[in-house]
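*Asks:*
In my numbering, the protein residues as written are 7 to 539.
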């Protein structure tokens, strides 16, 4: 029960019911084995050594100060309930049922392996080091503060349920069944690989870093706040089900079967490539950026709000099924088989080229702009409302089968094989040139304007109602086979081979010059005017 000073040695075994209640000073050595029911209730100061094995039921309830060493193995049921200060070393293996319930301060070292059922329930402060492997069933339930280091591998069933604060480092690999259920604050680092079945269910705050690869079955179910970084590759079956707030960055590649089901708020960045089978089912708010390429089978089923940016190329089989609201930007090229099935609201921008097999089946509202070129096989089957703009060239085989409402603009050239099969309402404008094989099979209502030149093989087979204007020149082989009602105007010149085979009703005006070979084969009713040469 008294104090033990420098140079006291215990080399024999200590059995049941041996008590050390006094303080142990510098240079006290325990080299023998310690069995069940040995108690150390006094403080342990600098330079106390435990080099023998510690068996079931050995208790350390006093504080452990700088320079206490445990180099022997610790077996089932060894308890450390006192605080551990700077420079306490555990270099031996820790087996099932070793418990650390006291706080661990700066410079505590665990360099040995930790096996099933080792518990750390106290707080871990700055500079606690775990360099050995952590096996199944190791529990960390206390908070981890600045400078906690985990450099060893973490195997199945390691649990971190306490909060992790600034400067906690995980540099070793994390294998199946490692669980992080507590909150992760600023400056927590995960630089090692994360394998199947690693779970992050707590919130991740500013400055959490994941630089290692994430493999199949890694789960992030908690919210991710400002400044969380994922720079490593994400493989099949990684799940993000929590909300992602401002400044979350994904710079690594995302491969097959990565899921984002939570909402993505302002300033979330995806700069890496997205491969087959990546899913975004949550809503995307202002300032979400996708700057990497999107390959086959990437799905966006959630709504996209103001200020979402897609600047990378979109390849075959990328699907957008959710609504796209004001200020969504697509500046990258869109390749074969890109699908937009959701509605597009005001201010959606498409400035990149659209290649074969791009599909737009949803409605397009005011202020959706297509400034890039549209190549063969791009389909617009949904309705186009006020203020939709097509300023880029439209090549062979672009299809518009939906209705076009007031204020839709086509200012770019329309090449061979562009088809408009839907109805065109008031205020639809075609200011670009129309080349061979452009078809208008739907009805044209009041206030549709064609101000560009119409070349060989442009067809108008639908009815033309009041107030349709053709102010551009009409060249050889332009056909009007539908009926023309009151108030249709042709103010441009009509060249050889322009044919009007449909009936012309009251108030149809031809004010431009008519050259050789212009044909009117349909009936002309009261009030048809030819005022040009």
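C-beta: ideal position from N, C-alpha, C; glycine also.
Mark residue 11 as exposed unless 16 or more other C-beta atoms lie within 10 angstroms of its C-beta, in which case mark it buried.
*Replies:* With fewer than 16 Cβ atoms within 10 Å of its Cβ, residue 11 is classed as exposed.
*Asks:* Would you kindly work out how many angstroms separate the C-alpha atoms of residue 242 and residue 152, rounded to a whole number?
*Replies:* One C-alpha to the other measures close to 32 Å.
*Asks:* How many whole angstroms separate the CB atoms of residue 124 and residue 144, which I take to be in contact at a CB cut-off of 8 Å?
*Replies:* With a contact defined as Cβ atoms closer than 8 Å, residue 124 and residue 144 qualify at about 5 Å.
*Asks:* Which residues does DSSP pair with residue 126 in a beta bridge?
*Replies:* 106, 146
*Asks:* Where does residue 555 land, buried or exposed, given buried means 16+ other C-beta within 10 angstroms?
*Replies:* Past the boundaries of the shown model lies residue 555; the chain is included only from 7 to 539, so the question cannot be answered.
*Asks:* In chain order, what residues of the same chain lie with their CB nearer than 7 Å to the CB of residue 82, ignoring the 5 residues before and after it?
*Replies:* 62, 101, 102, 103
*Asks:* So if DSSP puts residue 386 in a beta bridge, which residue, or which two residues, is it bridged to?
*Replies:* 366, 406
*Asks:* Of the residues 461, 202, 287, which one's Cα is nearest the Cα of residue 440?
*Replies:* 461
*Asks:* Tell me whether the beta-carbon of residue 185 lies closer than 8 Å to the beta-carbon of residue 205.
*Replies:* Their beta carbons are under 8 Å apart, which means residue 185 touches residue 205 by this criterion.
*Asks:* Can you tell me whether residue 21 is buried or exposed, with buried defined as 16 or more other CB within 10 angstroms of its CB?
*Replies:* exposed
*Asks:* Could you tell me which residues DSSP pairs with residue 395 in its beta bridges?
*Replies:* 375, 415
*Asks:* In whole angstroms, give me the CA-to-CA distance for residue 77 and residue 98.
*Replies:* 5 Å
*Asks:* Would you mind sorting residue 13 into buried or exposed? The rule is 16 or more other CB atoms within 10 Å of its CB.
*Replies:* exposed
*Asks:* Please name the residue in 281, 256, 261 whose C-alpha comes closest to that of residue 270.
*Replies:* 256
*Asks:* May I ask you to check if the CB of residue 210 is nearer than 7 Å to at least one heavy atom of the ligand ADP?
*Replies:* Only the bare structure without any ligand can be found here, which leaves the ligand ADP out of the picture.
*Asks:* Run through DSSP, which three-state label would residue 455 get?
*Replies:* strand
*Asks:* Short check: CB of residue 360 to CB of residue 378, under 8 Å?
*Replies:* yes
*Asks:* When the Cα atoms are used, what is the spatial distance from residue 141 to residue 166?
*Replies:* 13 Å
*Asks:* Which partner residues does residue 185 have in the DSSP bridge list?
*Replies:* 165, 205
*Asks:* Keeping to the same chain, check which residues put their C-beta closer than 6 Å to that of residue 453; ignore five residues upstream and five downstream.
*Replies:* 432, 433, 473
*Asks:* Give the straight-line distance between the Cα atoms of residue 314 and residue 347, rounded to the nearest whole angstrom.
*Replies:* 17 Å
*Asks:* Between residue 40 and the rest of its own chain, which residues show a CB-CB distance below 6 Å, the 5 nearest in sequence each way excluded?
*Replies:* Contacts found: 20, 60, 64.
*Asks:* Helix, strand or coil for residue 41, going by three-state DSSP, please let me know.
*Replies:* coil
*Asks:* Could you have a look at residue 255 and say whether DSSP puts it in helix, strand or coil?
*Replies:* strand
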